[in-house]
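My numbering applies: residue 8 is where the sequence shown begins, and numbers increase by one.
Ideal Cβ placement from N, Cα and C applies to all residues, glycine included.
Just so you know, these numbers come straight off a predicted model, no measurement behind them.
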Amino acid sequence: MSRCESCIVKEFNSLKALTRDELMRISTCKTGKLFKKGEIIFEEGEVLNGVFCVKDGVCKLSKLSENGKDQVVKLVVKGGLLGKRSIVSDETTNLSAVALNDMEMCFIPKSEIMADLKKNPNFTLDVLQKMAGDLRDSEDTLVDMAQKPVKQRMAETLLYILDNFGTDEDGYLSIVISREDYASIVGTATESAIRILSHFKKEGFISTSGKKIKIEEPKALKWLQ
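Take a look at the structure:
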């Protein structure tokens, strides 16, 4: 397990605002955690005693709706910090986190994070800015759900995954998620998501191999936006 002060992952999150001494202190307190694909990291309503720093892998954050369906709120990748809002607000988690592939994380105790929030204004400001950004993204998603057609939201989701996660050596999206999760991300029924993806495939916009998806015509998907 690498030391925080020399770990490149911190450059992608608020930990970059900590001093070298603060990072060295955290290194002595953190613990490494591994999660298998499909494993629950934490559940909605849980009390978190620290934050998770994603070293490798991807997880989904989702919320259970009143009808019992999961609504995927966000995909979190390398460098992401999970649980910071719950720590700052001292509340239980309002989302669940599940690994989409095998993941490696570092767990930093709440006491260490709170100590730095109280002592390091640069760190505090960065955390608040990240939380404000998350809130902005949530508001944008709500507007998209209300105003954009499902086909457009699906096209944007595919392009978002392509732009942010890239492809494997065969050209397929590197993040493989279920059709149910695609439906949850765009806010539609699974059957509707399957029909839209089938339509995209028929039009030649995408091709598939099992659950894997390859973007064949990104410009055509952008035109739908």
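Item, Value
"Three-state secondary structure assigned by DSSP to Ile213", "strand"
"Which listed residue (Glu18, Ile15, Asn101, Glu176) has its alpha carbon closest to that of Lys219", "Glu176"
"DSSP state of Glu187 mapped onto helix, strand, coil", "helix"
"DSSP bridge partner residues for Pro116 (one or two, in chain order)", "Gly57"
"DSSP state of Ser72 mapped onto helix, strand, coil", "coil"
"Ordered list of alpha helix (DSSP H) runs contained in the segment 154–205, each at least 4 residues", "157–172, 186–193"
"Counted within 10 angstroms of its Cβ, other Cβ atoms place Glu73 as buried (16 or more) or exposed", "exposed"
"DSSP-derived helix/strand/coil call for Val134", "helix"
"Inter-residue Cα distance where the pair is Trp230 and Glu163", "10 Å"
"Contacting residues, own chain, Cβ-Cβ under 6 Å from Leu30 (five flanking each side not counted)", "Cys11, Glu12"
"Cys36, DSSP secondary structure in three states", "helix"
"Close-in-space but distant-in-sequence residues of the same chain around Ser21 (CB under 7 Å, 5 per side omitted)", "Leu88, Phe130, Asp133, Val134, Lys137"
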